[in-house]
Amino acid sequence: MSKTHKEWERPLNELEDGIIKLKEVSKKEKDPQKREALEAKIADYETRRDRYVEVMYSNLGAWEKVLVARAEKRPYTLDYIQAIFHNYVELQGDRNGFVDHAIVGGPAMLDGRPVMIVGHQKGRNIQERQLRNFGYARPEGYRKAIRLFEMAERFRMPVITLVDTPGADAGVEAESRGISEAIAAAIFKMFELTVPSVSIVIGEGGSGGAIGIAASNRVLMLEHSIYSVIAPEGCASILWRQADRGADAAKALKLTANSALEFELIDEIIPEPIGGAHRDWPTACANVKGAILKHLGELDQLSPSAIYEDRYARFRKMGVYEDIFGS
Amino acid sequence: MSKTHKEWERPLNELEDGIIKLKEVSKKEKDPQKREALEAKIADYETRRDRYVEVMYSNLGAWEKVLVARAEKRPYTLDYIQAIFHNYVELQGDRNGFVDHAIVGGPAMLDGRPVMIVGHQKGRNIQERQLRNFGYARPEGYRKAIRLFEMAERFRMPVITLVDTPGADAGVEAESRGISEAIAAAIFKMFELTVPSVSIVIGEGGSGGAIGIAASNRVLMLEHSIYSVIAPEGCASILWRQADRGADAAKALKLTANSALEFELIDEIIPEPIGGAHRDWPTACANVKGAILKHLGELDQLSPSAIYEDRYARFRKMGVYEDIFGS
Amino acid sequence: MSNKALNKPEGFLQCANCKKIIFSVDFEQNLRVCPYCGHHHRLSASHRIEITFDAGSFVELDQDIRSLNPLEFPEYAEKLAAAIEKQDAYDSMTSGTAALDGLPVSVAVADFHFMGGSMGSANGEKITRTLERAAETGHPAIIFCASGGARMQEGLLSLMQMAKTTAAAQRCSRAGVPFISVFTDPTMAGVLASYASIADVILSEPKALVGFAGLRVSKQAGVGKVPDDFQTAEFGYNHGMIDRIVARKEMRTTLIHLVKTLGGAKLNGK
Amino acid sequence: MSNKALNKPEGFLQCANCKKIIFSVDFEQNLRVCPYCGHHHRLSASHRIEITFDAGSFVELDQDIRSLNPLEFPEYAEKLAAAIEKQDAYDSMTSGTAALDGLPVSVAVADFHFMGGSMGSANGEKITRTLERAAETGHPAIIFCASGGARMQEGLLSLMQMAKTTAAAQRCSRAGVPFISVFTDPTMAGVLASYASIADVILSEPKALVGFAGLRVSKQAGVGKVPDDFQTAEFGYNHGMIDRIVARKEMRTTLIHLVKTLGGAKLNGK
Ligand SMILES: [Zn+2]
Ligand SMILES: [Zn+2]
Chain D
197 MSKTHKEWER PLNELEDGII KLKEVSKKEK DPQKREALEA KIADYETRRD
247 RYVEVMYSNL GAWEKVLVAR AEKRPYTLDY IQAIFHNYVE LQGDRNGFVD
297 HAIVGGPAML DGRPVMIVGH QKGRNIQERQ LRNFGYARPE GYRKAIRLFE
347 MAERFRMPVI TLVDTPGADA GVEAESRGIS EAIAAAIFKM FELTVPSVSI
397 VIGEGGSGGA IGIAASNRVL MLEHSIYSVI APEGCASILW RQADRGADAA
447 KALKLTANSA LEFELIDEII PEPIGGAHRD WPTACANVKG AILKHLGELD
497 QLSPSAIYED RYARFRKMGV YEDIFGS
Chain R
197 MSKTHKEWER PLNELEDGII KLKEVSKKEK DPQKREALEA KIADYETRRD
247 RYVEVMYSNL GAWEKVLVAR AEKRPYTLDY IQAIFHNYVE LQGDRNGFVD
297 HAIVGGPAML DGRPVMIVGH QKGRNIQERQ LRNFGYARPE GYRKAIRLFE
347 MAERFRMPVI TLVDTPGADA GVEAESRGIS EAIAAAIFKM FELTVPSVSI
397 VIGEGGSGGA IGIAASNRVL MLEHSIYSVI APEGCASILW RQADRGADAA
447 KALKLTANSA LEFELIDEII PEPIGGAHRD WPTACANVKG AILKHLGELD
497 QLSPSAIYED RYARFRKMGV YEDIFGS
Chain V
34 MSNKALNKPE GFLQCANCKK IIFSVDFEQN LRVCPYCGHH HRLSASHRIE
84 ITFDAGSFVE LDQDIRSLNP LEFPEYAEKL AAAIEKQDAY DSMTSGTAAL
134 DGLPVSVAVA DFHFMGGSMG SANGEKITRT LERAAETGHP AIIFCASGGA
184 RMQEGLLSLM QMAKTTAAAQ RCSRAGVPFI SVFTDPTMAG VLASYASIAD
234 VILSEPKALV GFAGLRVSKQ AGVGKVPDDF QTAEFGYNHG MIDRIVARKE
284 MRTTLIHLVK TLGGAKLNGK
Chain P
34 MSNKALNKPE GFLQCANCKK IIFSVDFEQN LRVCPYCGHH HRLSASHRIE
84 ITFDAGSFVE LDQDIRSLNP LEFPEYAEKL AAAIEKQDAY DSMTSGTAAL
134 DGLPVSVAVA DFHFMGGSMG SANGEKITRT LERAAETGHP AIIFCASGGA
184 RMQEGLLSLM QMAKTTAAAQ RCSRAGVPFI SVFTDPTMAG VLASYASIAD
234 VILSEPKALV GFAGLRVSKQ AGVGKVPDDF QTAEFGYNHG MIDRIVARKE
284 MRTTLIHLVK TLGGAKLNGK
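As they're listed, the protein sequences go chains D, R, V and P. Counting from 197, one number per residue, gives the positions in the first sequence under our numbering. Counting from 197, one number per residue, gives the positions in the second sequence under our numbering. Counting from 34, one number per residue, gives the positions in the third sequence under our numbering. Counting from 34, one number per residue, gives the positions in the fourth sequence under our numbering.
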């Protein structure tokens with residue numbers, strides 16, 4: 197089986213644990229000379245740690261990106277909301293009989309202007325993970341998103357979506373309530389909007405579940421996030437009938453932010469702090485906020501109908517094909 | 197317990213059965229003289245039957261109207277559709293996970309022009325009655341109606357709705373999927389329309405379940421149909437804790453077409469053939485068709501925004517209240 | 034279940050839910066929410082207005098509108114007269130304008146004590162005017178609901194109030210003006226199945242009774258078993274119908290946030 | 034389950050479903066529907082066009098559009114070349130214009146035999162053009178779907194076809210032009226979760242496989258038991274996702290009715 201993010205970061209974590217222990221020892225040390233020696237050692241370890249982190253994260257392969265994008269300590273949607281926005285009121289309800297906690301959203305203020313936020317939400321502890329269905333959104337999540345998109349249009353609020361899902365829920369219940377229709381309808385609704393929309397892939401951009409809330413005027417990716425038509429494990433299982441060849445599939449699928457930018461499928465890569473967003477939430481949040489403000493600022497220049505056309509044109513040109521004679 | 201329509205019509209039905217039997221006897225009778233006598237007797241019975249029907253139906257009380265409105269042999273929505281429209285394609289699906297057969301609808305042609313039809317549908321035999329939930333529509337029925345209303349708006353088709361329900365489904369399942377929201381949303385959607393809409397109460401106009409598809413520019417009632425805020429039995433049960441005092445409640449509720457017209461809540465009463473719609477489907481259907489064509493013809497003169505305003509104004513003025521000082 | 038805290042010996046009350054004895058001063062300071070079990074006791078319209086909107090900002094309008102008895106419905110005239118006498122108001126709905134953190138809003142607040150908050154012609158007219166004022170001025174509409182449903186005694190006229198008020202809500206929506214409805218105990222039937230449920234945002238006080246038909250009717254109609262929380266606000270929340278359960282003491286702040294964000298564009302004249 | 038009727042001794046075939054032996058002439062006359070069990074066998078795009086639209090009315094467009102291999106995905110170039118060779122077409126989707134009872138329509142018809150009808154860049158472009166032509170001309174769009182989903186080998190480019198085709202459907206809707214999608218066996222995943230499911234009207238052939246994820250994935254993801262008809266057209270119909278199950282021999286008439294009624298206003302230039 198492939199490594200998890202935790203396993204992959206183990207040497208680093210051991211180093212960091214060592215530093216913490218040394219610091220405790222140093223704090224208790226009464227002898228100034230010994231303390232000085234300890235502190236020098238700590239500084240040395242920290243330098244080594246920093247260099248290690250830098251090297252480790254400076255050239256992540258596709259599979260390492262997958263691991264980082266899925267890291268448990270990465271900031272999630274509600275963490276970004278908390279850090280970036282004010283007056284957020286989370287609104288539930290698909291108005292159809294069901295409720296989904298894998299997609300959250302509601303109105304909030306961004307530097308004094310109203311915006312509508314919608315994002316996938318993963319859980320951090322086991323109870324919350326179950327509540328949030330491990331980030332696999334259900335039909336009712338997309339239908340809630342549609343309600344919020346409609347409200348944004350009605351009240352002339354820009355839409356911000358944060359994408360972070362392994363994929364949409366594919367279970368029997370989700371199927372019976374029309375997960376496919378719900379995703380399609382959410383994409384459809386996003387294309388109706390005449391208010392600006394900005395989407396940011398903050399972690400996992402998992403196939404249909406991701407694009408369901410990512411049909412925006414601007415689509416950005418955090419440096420170590422991924423965006424893919426299929427989970428690498430699923431791809432490996434189909435291609436080679438070996439789900440554990442996820443690393444090979446990740447490479448073949450070209451699911452990194454760099455590849456997405458190269459194929460002109462996203463507009464910008466938002467840099468992460470050294471060592472990844474999970475190592476420095478404030479910097480990650482500040483970078484995301486800066487990117488939102490920049491792109492909203494540009495989109496503010498466009499009229500409602502230009503916003504609509506801009507979004508259409510953005511996706512209209514996507515695809516790589518040959519058309520020999522035209523037609 | 198109050199009588200059913202069948203019980204109420206028993207003397208008449210016995211007379212009619214007698215006529216049928218006499219006709220059979222007469223057909224077999226070889227002796228010309230005897231046959232002549234029999235035929236005279238038949239003619240006499242028929243005259244009596246006609247007079248009886250006329251008397252019986254000429255001045256129905258509120259409760260008799262309830263009985264007739266609920267009559268099992270009355271034409272139902274699909275019967276009217278069959279007789280009046282062409283190229284009808286019934287469309288199912290609330291696009292939310294459920295299906296309801298107590299509301300039917302789809303596009304069709306009316307004398308060469310496209311229209312969108314939505315109506316409650318009761319069942320005539322026991323299997324169909326169960327399939328159609330005895331005409332008690334569920335949330336998914338109203339959500340299907342909303343889809344069809346939206347389609348009508350998009351494709352500029354007038355909307356025709358046929359109302360015939362004892363009320364919306366009040367069961368636990370219906371509640372859990374938001375029967376109240378579904379009704380409210382259907383009314384709301386009807387008020388959005390800029391295409392003309394005409395609603396006809398063809399049988400029972402039962403409270404919220406009825407108004408859910410009856411917020412139209414023109415609302416008509418068949419002569420013996422009823423339209424009420426609450427089922428008379430329910431009203432009696434609340435007022436007097438005696439559900440069997442439905443007849444008294446029916447009177448108090450003023451649920452007849454005449455009362456509705458008097459309070460300016462409907463626009464016209466569509467006459468029924470003598471003895472009620474159930475005695476002569478072709479005439480009932482022809483009268484309904486004529487009324488639809490007449491009112492659509494009038495509404496065709498209005499612009500889309502005038503259609504919207506006309507509908508708003510129609511309902512805006514409903515209500516009887518005192519406003520001493522104005523404000 | 035009665036929702037009225039019972040008066041006990043001087044200065045004390047009994048919680049309608051947990052039956053514990055509460056010091057009256059605590060009870061009032063806690064906005065008539067039981068300090069032991071959190072039960073939200075019903076409020077009068079004036080009390081609700083006082084604790085929700087900016088002090089002194091409420092201006093009542095439409096206060097003279099009253100229902101008549103066009104159907105000459107048995108015993109209706111007497112019941113209506115008694116309610117008017119007892120509540121010193123012409124209807125369960127109090128409507129007007131107010132402010133939330135300085136922002137203007139168009140409001141209506143129901144009082145269940147007046148004929149069970151039922152919606153007749155007067156009630157429907159006041160809701161309609163509240164929503165129309167919002168649509169015209171661009172000030173968000175906020176309606177606190179408390180109703181057993183349509184007013185049977187006004188027959189079809191009452192049923193038509195469902196359409197009329199919903200039409201006004203649609204007009205509000207078309208004008209791009211937010212409409213927030215707040216369910217309080219109870220919000221039922223004809224009110225739930227009309228304007229209340231098509232608000233842009235639906236909030237509810239905890240444990241409020243919220244449903245389409247009386248429980249008895251639902252049980253008769255249904256086949257499945259009835260969940261424990263059936264027809265509570267929490268049930269509505271878990272079935273996608275209510276956006277947030279908001280405790281009484283958080284209601285004002287939540288409304289302010291919503292008015293600022295959803296009403297932002299209109300209130301700034303954009 | 035394979036969906037291909039097997040060739041048996043000269044002039045006979047075996048139904049893929051009930052395994053009965055069918056006289057080839059009967060099979061073809063019955064539009065490749067088994068006369069015994071009603072099983073609808075898959076059709077090629079050309080055959081579907083022939084039995085659906087007015088004789089000789091179909092004009093193919095976009096036929097030279099073909100996918101490339103921008104990701105240099107392992108084995109993709111070979112698979113694609115083999116499909117092109119075998120099917121004598123560049124993509125599973127055949128698009129163009131046609132007529133139904135004399136009324137012009139913009140159409141696309143999928144052929145599952147070409148790489149499982151998967152949606153890559155070429156496929157998405159052809160669907161998009163079909164819907165754009167409808168929006169521009171006012172002629173209703175009709176798309177026959179048959180697809181396993183997005184084409185994995187084109188990575189994120191394929192996922193974006195979901196957005197691109199759905200955007201084109203939205204444009205069609207905004208222009209007030211009807212879009213009818215017809216599910217045939219199978220209509221799955223990325224295709225089902227995009228343009229196919231937001232058509233104004235959704236029809237399906239009986240028993241077509243219709244679902245979001247492979248059955249194995251659904252079983253893993255779910256907790257409840259899997260219904261017998263799970264991921265069939267009938268399941269979709271009973272869960273509000275499909276408007277009508279239409280037998281192959283009724284399809285043309287049903288489409289004509291829909292084009293006349295829904296497309297009426299536009300087609301008459303109103
Ligand atoms: Zn208590
Ligand atoms: Zn067969």
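Ideal Cβ placement from N, Cα and C applies to all residues, glycine included. Remember, it's a predicted structure, so these values are computed and weren't measured experimentally.
| Within the present structure, is the beta-carbon of Lys37(P) separated from the nearest heavy atom of ligand 2 by less than 8 Å? | Lys37(P) Cβ: outside cutoff for every heavy atom of ligand 2.
| said: Going by the DSSP bridge assignment, what does Gly401(D) pair with across the sheet? | reply: Thr361(D) and Tyr423(D)
| message | Could you check whether the Cβ of Ser523(R) sits closer than 9 Å to any Cβ belonging to chain D? | response | Caution is warranted here: a pLDDT of 48 is assigned to Ser523(R), below 50, making its placement in the model unreliable, and no coordinate value can be reported.
| query | Which one or two residues does DSSP pair with Tyr123(V) in a beta bridge? | reply | Paired residue(s): none; Tyr123(V) is not in a bridge.
| request: Find out if the Cβ-Cβ distance for the pair Phe245(V), Ser376(R) is shorter than 9 Å. | output: Cβ distance < 9 Å, so Phe245(V) and Ser376(R) count as in contact.
| said: Along the chain, where does the beta strand (DSSP E) containing Val234(V) start, and where does it finish? | reply: Val234 to Ser237
| said: Relative to the C-alpha of Val58(P), which candidate in Cys51(P), Lys52(P), Cys67(P) and Asn50(P) has its C-alpha closest? | reply: Cys67(P)
| message | Please tell me whether, using a cut-off of 8 Å, the distance from the CB of Asn63(P) to the nearest non-hydrogen atom of ligand 2 is below it. | response | no
| query | Between the beta-carbon of Gly399(D) and the beta-carbon of Trp259(D), is there less than 9 Å? | reply | no
| Listed in chain order, which residues of the segment 286-316 of chain D have Cβ atoms closer than 8 Å to some Cβ of chain R? | Arg291, Asn292 and Gly293
| message | Please list the terminal residues of the continuous alpha helix (DSSP H) segment that includes Glu505(R). | response | Residues Pro500 to Arg512.
| Residues near ligand 2, criterion Cβ-heavy atom distance below 5 Å | Cys48(P), Asn50(P), Cys51(P), Cys67(P), Tyr69(P), Cys70(P) and His72(P)
| Simplified DSSP state of Gln326(R), which is helix, strand or coil | helix
| Cβ-Cβ separation, Val215(V) to Ile175(V) (assumed contact under 8 Å), whole Å | 7 Å
| message | Quick check: what's the CA-CA separation for Gly296(P) versus Lys258(P)? | response | 42 Å
| Is Lys311(V) near ligand 1, in the sense that its beta carbon is under 8 Å from a heavy atom of that ligand? | The question about residue 311(V) has no answer here: the residues shown for chain V are numbered 34 through 303.
| request: Establish whether the CB of Arg99(V) and some CB of chain R are separated by less than 9 Å. | output: yes
| task | Indicate whether the contact test is met: 3 or more Cβ pairs, each with one atom in the segment 376-387 of chain D and one in the segment 333-348 of chain D, closer than 8 Å. | result | yes
| field | Proximal residues of chain D, C-beta to C-beta of Glu147(R) below 7 Å | value | Residue 147(R) falls outside the range modelled here, since chain R spans only 197 to 523, and no answer is possible.
| field | Integer-rounded CB distance, given that Met221(V) should sit under 8 Å from Ser180(V) | value | 6 Å
| Taking Ala280(V) as the reference, which of Ile55(V), His74(V) and Gln96(V) has the closest Cα? | His74(V)
| request: Name the residue from Ser128(V), Asn50(V) and Ile55(V) whose alpha carbon lies nearest to the alpha carbon of Glu43(V). | output: Ile55(V)
| Cβ-based burial, Ser523(R) [other Cβ within 10 Å; buried from 16] | Interpretation of Ser523(R) is limited by its pLDDT of 48, a score under 50 that renders its predicted location unreliable; no figure is taken from the coordinates.
| Exposure label - Asp307(D); buried when at least 16 CB within 10 Å | exposed
| field | 6 Å CB neighbourhood of Trp204(R) in its chain, flanking five on each side removed | value | Leu263
| query | Leaving out the 5 sequence neighbours to the left and right, which residues in its chain are closer than 8 Å to Ile275(V) when beta-carbon positions are compared? | reply | Phe216, Ile235, Leu236, Ser237, Val243, Ala266 and Gly269
| To the nearest angstrom, how far is it from the Cα of Glu494(R) to the Cα of Ser372(R)? | 41 Å
| request: Compare the C-alpha of Glu93(P) against each of Ala141(P), Pro137(P), Phe177(P) and Glu61(P) and name the closest. | output: Ala141(P)
| chain A residues whose Cβ lies nearer than 8 Å to that of Phe345(R) | The question asks about chain A, but that chain is absent: this structure's protein chains are D, R, V and P.
| Beta carbon proximity, Lys197(V) to chain R, threshold 9 Å | yes
| request: Count the other C-beta atoms from every protein chain shown that fall within 10 angstroms of the C-beta of Ala110(V), then say buried if there are 16 or more, exposed otherwise. | output: exposed
| message | Quick check: is the beta carbon of Ile503(D) nearer than 9 Å to any beta carbon in chain V? | response | no
| message | Under 9 Å, Cβ to Cβ, is there at least one residue of chain R near Arg373(D)? | response | Residue-level contact by beta carbon holds for Arg373(D) and chain R, with a gap shorter than 9 Å.
| task | Indicate whether Leu274(D) and Gly315(D) have their beta-carbon atoms separated by less than 9 Å. | result | yes
| message | Would you say Glu388(D) lies against chain P (beta-carbon separation less than 9 Å)? | response | Interface residue, yes.
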